[in-house]
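Q: Residue numbers (the UniProt record's numbering): 1 to 179.
Ideal Cβ positions, reconstructed from N, Cα and C, are used throughout, including at glycine.
Here's a structure for you.
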Amino acid sequence: MIYDYKVEKQDGSFLDLKDLKGKVILIVNTATRCGFTPQYKDLQDLYEKYHDKGLEIIDIPCNQFKEQAPESDEEISKFCQLNFNIEFPQMKKAEVNGDNEIELYKFLKSQKGFEGFGHGPKALAMATLLKSRDKDYKNKPDIKWNFTKFLVDRDGNVVERFEPTTKMDLVDEKISKLI
Numbered sequence: 001m002i003y004d005y006k007v008e009k010q011d012g013s014f015l016d017l018k019d020l021k022g023k024v025i026l027i028v029n030t031a032t033r034c035g036f037t038p039q040y041k042d043l044q045d046l047y048e049k050y051h052d053k054g055l056e057i058i059d060i061p062c063n064q065f066k067e068q069a070p071e072s073d074e075e076i077s078k079f080c081q082l083n084f085n086i087e088f089p090q091m092k093k094a095e096v097n098g099d100n101e102i103e104l105y106k107f108l109k110s111q112k113g114f115e116g117f118g119h120g121p122k123a124l125a126m127a128t129l130l131k132s133r134d135k136d137y138k139n140k141p142d143i144k145w146n147f148t149k150f151l152v153d154r155d156g157n158v159v160e161r162f163e164p165t166t167k168m169d170l171v172d173e174k175i176s177k178l179i
């Protein structure tokens with residue numbers, strides 16, 4: 001269950017997810033130098049819209065995808081404050097795939113695997129990029145890129161996985177149904 005996990009904060013303490021029981025949670029791996037980085041604004045908009053109604057966003061910076069989050073945790077935090085005025089908590093930079101991935105991501109991927117990038121030019125570009133690296137990428141639950149999001153309902157169930165190409169209007173719609 002999602003409440004069995006803790007995530008390390010930037011200050012070295014831990015966020016115990018059991019403290020978020022009864023909340024709707026959006027967990028997202030982020031990066032500061034990615035084509036999807038403007039989604040920080042959308043995430044902040046969602047936070048402002050739904051936080052008072054029970055939404056929590058957990059931002060987990062990750063440098064695994066083309067090293068697009070090379071900064072220190074402190075620099076990432078400053079970047080996000082300066083450019084997007086984010087108010088939701090940022091965790092310590094972590095890995096979401098591979099031997100050093102954090103336990104939370106093993107669980108999330110076991111609950112919601114990869115189901116495709118959808119349609120449109122960004123989806124096609126992502127599919128082309130990944131296929132050039134791994135012809136079998138579609139059959140693996142791994143996180144494919146920055147700004148992959150997992151939506152958790154108030155009972156702790158992982159109910160949706162949104163790839164970075166998913167329109168934020170759809171993310172908003174799914175959150176609104178859980179709030």
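Leaving out the 5 sequence neighbours to the left and right, which residues in its chain are closer than 6 Å to Phe114 when beta-carbon positions are compared?
A: The answer, listed in chain order, is Pro141.
Q: Note down, one range per segment and in chain order, each alpha helix (DSSP H) of at least 4 residues found wholly within the segment 4–88.
A: 39–50 and 73–84
Q: Is Arg161 helix, strand or coil when you go by DSSP?
A: Reduced to three states, the DSSP call for Arg161 is strand.
Q: Using the C-alpha atoms, what's the distance from Asp4 back to Asn146?
A: 24 Å
Q: When you compare only the Cα positions, how much space is there between Lys18 and Val152?
A: CA-to-CA, the gap between Lys18 and Val152 works out to about 12 Å.
Q: Quick one: Cα of Gln111 to Cα of Glu75, how far?
A: 32 Å
Q: Out of curiosity, what's the CA-to-CA distance linking Thr37 and Asp11?
A: 23 Å
Q: What is the DSSP secondary structure of Glu95, counted as helix, strand or coil?
A: strand
Q: To the nearest angstrom, how far is it from the Cα of Ala31 to the Cα of Pro164?
A: Distance from the CA of Ala31 to the CA of Pro164, rounded to the nearest whole angstrom, comes to 12 Å.
Q: Once DSSP output is grouped into helix, strand and coil, what is the label at Glu101?
A: strand
Q: Whose C-beta lies closer than 8 Å to the C-beta of Glu71 among residues of the same chain, with five residues either side of it excluded?
A: Hits under 8 Å: Thr32 and Phe79.
Q: Looking at the structure shown, is Lys138 part of a helix, part of a strand, or coil, going by DSSP?
A: helix
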